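Participant:
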Amino acid sequence: MDDTIMINKIKEGTVIDHIPVRKAMLIPRILGLADGKDTIAILVNAKSRLMGFKDIVKIENRILKDDEVNMLSLIAPGATINLIKDYKIAGKKSAVIPKMIEGLLKCPNGHCITNHDPEARTVFDLVAKEPLEMRCGYCDIALGEQEALKQVSGE
Amino acid sequence: MKNVISSSDFTRKEIEEIFSVADSIKKGKRPKVKGDKVVALAFFEPSTRTFTSFDVAAKRLGFQTTGFRSEHETSVAKEESFADTMRMLSSYADCLVIRHRYDGAAKFASQITDKPVINAGDGKREHPTQSLMDLYTIRDAFGKIDGLTIGIVGDLKYGRTVHSLMSMLTAFKPKRVHLVSPLQLMLPRNFLKGLNYPYSETSDLGKVIADVDVLYATRIQKERFPDEMEYNKVKESYRIDCETVKRMKERAIILHALPRITEIAREVDRTKNAKYFEQARNGVPIRMALFSKVLGA
Numbered sequence: 004m005d006d007t008i009m010i011n012k013i014k015e016g017t018v019i020d021h022i023p024v025r026k027a028m029l030i031p032r033i034l035g036l037a038d039g040k041d042t043i044a045i046l047v048n049a050k051s052r053l054m055g056f057k058d059i060v061k062i063e064n065r066i067l068k069d070d071e072v073n074m075l076s077l078i079a080p081g082a083t084i085n086l087i088k089d090y091k092i093a094g095k096k097s098a099v100i101p102k103m104i105e106g107l108l109k110c111p112n113g114h115c116i117t118n119h120d121p122e123a124r125t126v127f128d129l130v131a132k133e134p135l136e137m138r139c140g141y142c143d144i145a146l147g148e149q150e151a152l153k154q155v156s157g158e
Numbered sequence: 004m005k006n007v008i009s010s011s012d013f014t015r016k017e018i019e020e021i022f023s024v025a026d027s028i029k030k031g032k033r034p035k036v037k038g039d040k041v042v043a044l045a046f047f048e049p050s051t052r053t054f055t056s057f058d059v060a061a062k063r064l065g066f067q068t069t070g071f072r073s074e075h076e077t078s079v080a081k082e083e084s085f086a087d088t089m090r091m092l093s094s095y096a097d098c099l100v101i102r103h104r105y106d107g108a109a110k111f112a113s114q115i116t117d118k119p120v121i122n123a124g125d126g127k128r129e130h131p132t133q134s135l136m137d138l139y140t141i142r143d144a145f146g147k148i149d150g151l152t153i154g155i156v157g158d159l160k161y162g163r164t165v166h167s168l169m170s171m172l173t174a175f176k177p178k179r180v181h182l183v184s185p186l187q188l189m190l191p192r193n194f195l196k197g198l199n200y201p202y203s204e205t206s207d208l209g210k211v212i213a214d215v216d217v218l219y220a221t222r223i224q225k226e227r228f229p230d231e232m233e234y235n236k237v238k239e240s241y242r243i244d245c246e247t248v249k250r251m252k253e254r255a256i257i258l259h260a261l262p263r264i265t266e267i268a269r270e271v272d273r274t275k276n277a278k279y280f281e282q283a284r285n286g287v288p289i290r291m292a293l294f295s296k297v298l299g300a
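Laid out in structure tokens, this is it:
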């Protein structure tokens, strides 16, 4: 399919393709892009030969770093990340579940210091990939896939 | 050794070195330390033994102490953040000793300050200096920790001394640990994953009492229960009295981090098996040994 009808190609930046539908809107938040500095195009419900329907995100003038790409694995583990230079795909990256997630998730333990001091940023260490299990670096409480997804999607 | 945050941070060698220094202290030999140090005792939760023994340990090494023993005495009562309180204290003192009700408070403090931080008990998980006292008292009684059968009885859900002790025991090779508690106060399941020694769980102390070398009793902690009804259901689940002692091995010892409420009858205090006051006394040499490692020569 040709998505350029709806969104122009970008000269430089990153295109995140094959995002499950309704997940694209979460990406600016996960990547910390919601501060308004970056130009972001979000395409939802695009037709896809592979997936039926998919979402696409294009970020202008910004090449995502590996740790940023890995954060995407929480909501779009099968996403394709294309790095664009001069309108062409200059490289590809795939999302790997990160060994550590800082600042994004909230600790479910109400007695964890991260819920009681504005400077205490959460740190979750990866314990298992399948099913996903992470542990809080401060109180060691487990955080599973469902809870992580619920938090990331703001449900 | 920079900080003392978690029981799991210690290697067996480090624990044995601390015990060895504590042995020397008990024989009257003071470790070499620079005397011009100030230790801040930042106790956001009430404490009698831990606060006093840290205070005495620091003073016996020639240090000065400052600080507080209740959150209400601090600017936290004026909504100052924990992080800011730590920054302020670290600008006055050379070492911070922290007691706090929240899990991970000591670890977070160690990231705020470049001064050494000693965890004097935080949240429901960690009380590493108490665990050192517990194991030191066991070693004193038996000359070893490996090969012993240990029964831990009472509140295994909320009791941080239990969680911390079980974690530190992974540096040794106990024969078995019997976990004795009412169903509502069983050890959290995630703790079992990290254990590298045999254990069993029961609610019946009678089943294991004759098997243990060490009986570690705990207080059912009212302050950590979400509601009083739940507390009332379990508050007097176990009581160790002279009848219980008769069923124990002759050389078995009874430990308790104190304070006790009703879980150990006063009559037990006079038996040779009661080692909980000795355990509390060991707080000073153990904490002196720790200070000497953290603020040493």
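Chains as they are written, first to last, in the numbering used here: chain A, 4 to 158; chain U, 4 to 300.
We put the beta carbon where it would ideally sit given N, CA and C, even for glycine.
For clarity, every value in this text was computed on a predicted model and none was experimentally measured.
(1) What are the start and end residues of the beta strand (DSSP E) that includes A:G94?
(2) Whose Cβ in chain A lies nearer than 8 Å to the Cβ of U:A123?
(3) What residues from chain A crowd round U:F111, counting only those whose CB sits closer than 7 Å?
(4) Using beta carbons (cut-off 7 Å, strictly below), is U:N6 in contact with chain A?
(5) Using the beta-carbon count (16 or more within 10 Å), is U:N235 buried or exposed?
(6) Give a yes or no on whether 7 Å exceeds the smallest Cβ distance from U:G126 to chain A.
(7) Output needed for A:T7: all residues of its chain with C-beta closer than 8 Å, excluding positions within five of it in sequence on either side, in chain order.
(8) Check whether the Cβ atoms of U:A43 and U:G65 lie closer than 7 Å to each other.
(9) Along the chain, where does the alpha helix (DSSP H) containing A:D70 start, and where does it finish?
(10) Here's a check: name, in chain order, each residue in its chain whose Cβ is nearer than 7 Å to the Cβ of U:L208, leaving out the five neighbours to either side.
(11) Within 7 Å (strictly less), CB to CB, does A:A151 reach chain U?
(12) Judging by CA-CA distance, which residue of A:I116, A:N85, A:K14 and A:R124 is the nearest neighbour of A:I22?
(13) With a cut-off of 7 Å, does the C-beta of A:A145 fall near any C-beta of chain U?
(14) Could you name the residues of chain A that U:N193 contacts, counting a contact when the two beta carbons are closer than 9 Å?
(15) Would you say U:S84 lies against chain A (beta-carbon separation less than 7 Å)?
(16) Please tell me whether U:K127 and U:R163 are closer than 7 Å, where the distance is taken between their beta carbons.
(17) From the DSSP secondary-structure annotation, give me the bridge partner or partners of U:S9.
(18) Mind checking who U:F71 pairs with in its DSSP beta bridge?
(19) If you run the structure through DSSP and keep just helix, strand and coil, what is U:A61?
(20) In its own chain, which residues sit with a C-beta less than 7 Å from the C-beta of A:K26, not counting the 5 before and 5 after it?
(21) Mapping the DSSP letters down to three states, classify U:E233 as helix, strand or coil.
(22) Quick one: Cα of U:R250 to Cα of U:H259, how far?
(23) Closer than 6 Å by C-beta to A:M4: which residues in its own chain qualify, once you throw out the five before and the five after it? Chain order, please.
(24) What residues match up with U:R179 in a beta bridge as DSSP calls it?
(25) Quick one: does the C-beta of A:E105 sit closer than 6 Å to a heavy atom of the ligand SAM?
Facilitator: Taking the coordinates as given:
(1) Position 91 of the first sequence, counted from the start, is the residue given in the question as residue 94 of chain A. Counting along the chain, the unbroken beta strand (DSSP E) around A:G94 starts and ends at K91 to S97.
(2) On the second sequence, residue 123 of chain U is found 120 positions in, with the first residue counted as 1. Within chain A, no residue comes near U:A123; the closest Cβ sits about 15 Å away, beyond 8 Å.
(3) Here residue 111 of chain U corresponds to residue number 108 of the second sequence, with the count starting at 1. Those are I116, D120, A123 and Y141, listed as they occur along chain A.
(4) What you label residue 6 of chain U is simply residue 3 of the second sequence in a count that begins at 1. Residue contact with chain A for U:N6: absent (no Cβ-Cβ distance below 7 Å to any residue of chain A).
(5) Translated into the one-based positions of the second sequence, residue 235 of chain U becomes position 232. Burial call: exposed.
(6) Your numbering for residue 126 of chain U matches position 123 in the second sequence. With 7 Å as the cut-off, U:G126 counts as an interface residue toward chain A.
(7) Here residue 7 of chain A refers to the residue found at position 4 when the first sequence is read from its first residue. For A:T7, the predicted model reports a pLDDT of 49, less than 50, meaning its position is unreliable and no value from the coordinates is stated.
(8) Along the second sequence, one-based indexing puts residue 43 of chain U at 40. Along the second sequence, one-based indexing puts residue 65 of chain U at 62. Against a cut-off of 7 Å, the Cβ pair of U:G65 and U:A43 comes out as no contact.
(9) Reading the first sequence from its first residue, position 67 is the one you call residue 70 of chain A. D69 to M74 is the extent of the alpha helix (DSSP H) around A:D70.
(10) Residue mapping note: residue 208 of chain U aligns to position 205 of the second sequence, counting from 1. Excluding residues within five positions, the ones whose Cβ falls inside 7 Å are V156, V183 and Y241.
(11) In the first sequence, the residue the question calls residue 151 of chain A occupies position 148. No, because no Cβ of chain U sits closer than 7 Å to the Cβ of A:A151.
(12) Within the first sequence, residue 22 of chain A is the residue found at index 19, counting from 1. A:I22 has its Cα closest to that of A:N85, out of A:I116, A:N85, A:K14 and A:R124.
(13) Start at 1 with the first residue of the first sequence, and residue 145 of chain A comes out as number 142. By this cut-off, A:A145 is an interface position.
(14) As a position in the second sequence, residue 193 of chain U is number 190, starting the count at 1. Chain A residues near U:N193: R138, D143, I144 and A145.
(15) Working through the second sequence from its first residue, we reach residue 84 of chain U at position 81. Yes, its Cβ sits closer than 7 Å to a Cβ of chain A.
(16) Translated into positions along the second sequence, residue 127 of chain U becomes position 124. Translated into positions along the second sequence, residue 163 of chain U becomes position 160. Taking 7 Å as the Cβ cut-off, U:K127 and U:R163 qualify as a contacting pair.
(17) As a position in the second sequence, residue 9 of chain U is number 6, starting the count at 1. DSSP, once it has assigned bridges, lists no residue as partnering U:S9.
(18) Translated into positions along the second sequence, residue 71 of chain U becomes position 68. According to DSSP, U:F71 bridges with U:A45.
(19) As a first step, residue 61 of chain U is located in the second sequence; it is residue number 58 there, counting from the start. In the structure shown, U:A61 sits in a helix (DSSP, three-state: H, G or I).
(20) In the first sequence, counting from the first residue as 1, residue 26 of chain A sits at position 23. So the qualifying residues of the chain are D58, I78 and A79.
(21) On the second sequence, position 230 is the one that residue 233 of chain U refers to. Helix, per DSSP.
(22) Here residue 250 of chain U is taken as the residue at index 247 of the second sequence, counted from 1. Here residue 259 of chain U is taken as the residue at index 256 of the second sequence, counted from 1. Taken atom to atom, the span from the alpha-carbon of U:R250 to that of U:H259 is near 18 Å.
(23) Counting from 1 along the first sequence, the entry for residue 4 of chain A is found at position 1. Note that A:M4 scores 49 on pLDDT, short of 50, meaning its location in the model is unreliable and no value can be drawn from it.
(24) In the second sequence, residue 179 of chain U corresponds to position 176, counting from 1. Per DSSP, the beta bridge partners of U:R179 are U:T152.
(25) The ligand content of the structure shown is nil, which means the ligand SAM is not present either.
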